[in-house]
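Here the structure comes first, spelled out in structure tokens, and everything after it is commentary.
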Amino acid sequence: MNRPLLNELLERFQRGELSQDELVEQLARMPFREFPDARVDTHRALWQGLPEVVLGEGKTAEQIVRIARTLQAEGGNVLVTRVQPEVAAQVRGAIPALVHHPEARVLTLRQEPVAPTGHGTIAVVTAGTADIPVAEEAAVTAELYGNKLERLYDVGVAGVHRLLASLDVLRSARVLIVVAGMEGALPSVVGGLVERPVVAVPTSVGYGASFQGIAALLGMLNSCSPNVTVVNIDNGFGAGFVASLINRE
């Protein structure tokens, strides 16, 4: 349920196309549907402007199917993140309309047109090729929420000339998502080149002393570029979500 759907229900009731009992029944189904192992939030879009997203990691295929079907029945778009290939295959066997984005490790279902909601472009930038899965999770999320994207991959500080060669992409973006592992230096460099918000995403890419992304996280949190803010390790979804909200303002 979102504001346009709620307004449509009320307008149908005013026009006499929906009885009071039918309207009450529709409203009674909000704000969530309860199952023994989940409460599926069908009211999220009314609160936050964007619908609930399903974290696939840690859930069985059967649980994902049940939750995704509930969201599908609401008529909106569906996003399931962190889905392993074998689980994705099982879920798509039950809901063939879902589209699998293997590099991003997500499933999407577009039931309503994705209207442009962003006021500008979101640039998704990675330090290395190994960071692309996290970046693609951010990119697919942002695209589903109505944003125009520019992808700029493998432009880390080990060869900073690769980044500077695309300065026009960086400076034309309204929001930037910068994804990096190792020491996590790239967001600080990008932040020093642009006058826009930079959402930094540390990844678990790196050798032993990177501590599965902790080194990159601490480096980003200690950035001297004041326009850099940080999400959790490997949290491409969170970056895509918050960048979408920033791009709407």
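Take any residue in the sequence shown, count from 1 to its spot, add 903: that is its number in our numbering. C-beta atoms are modelled at their ideal positions from N, C-alpha and C, and glycine is treated no differently.
Asked, Found
"With leucine 1010 as the anchor, note down where its beta strand (DSSP E) starts and where it stops.", "1009–1012"
"Which one or two residues does DSSP pair with proline 1105 in a beta bridge?", "Ala1083"
"Please report the Cβ distance between leucine 1066 and valine 1092, rounded to the nearest whole angstrom; I am assuming they are in contact, meaning their Cβ atoms lie under 8 Å.", "7 Å"
"List the whole-angstrom C-beta distance separating glycine 1049 from proline 1090, where the pair is believed to meet the contact cut-off of C-beta under 8 Å.", "Going by Cβ atoms, the distance from glycine 1049 to proline 1090 rounds to 24 Å, so no, they are not a contact pair."
"Alpha carbons only, please: which of Leu1010, Ile998, Gln917, Ala1146 is nearest the one belonging to proline 1100?", "Ala1146"
"What whole-angstrom Cβ distance do leucine 1052 and valine 1028 have, given they're in contact under 8 Å?", "Rounded, the Cβ-Cβ distance is 11 Å, inconsistent with contact."
"Flag this pair as yes or no: are the beta carbons of aspartate 1034 and alanine 1083 separated by less than 9 Å?", "yes"
"Should aspartate 924 be labelled buried (16 or more other beta-carbon atoms within 10 Å of its own) or exposed?", "exposed"
"When you compare the CB positions of valine 1017 and asparagine 980, do they come within less than 9 Å of one another, or not?", "yes"
"Assuming glycine 1141 contacts valine 1131 (C-beta within less than 8 Å), just tell me the rounded distance between them.", "Not a contact, Cβ separation roughly 15 Å."
"Comparing the CB of alanine 997 with every heavy atom of the ligand ADP, is any distance shorter than 8 Å?", "The ligand ADP is not part of this structure, which contains no ligands at all."
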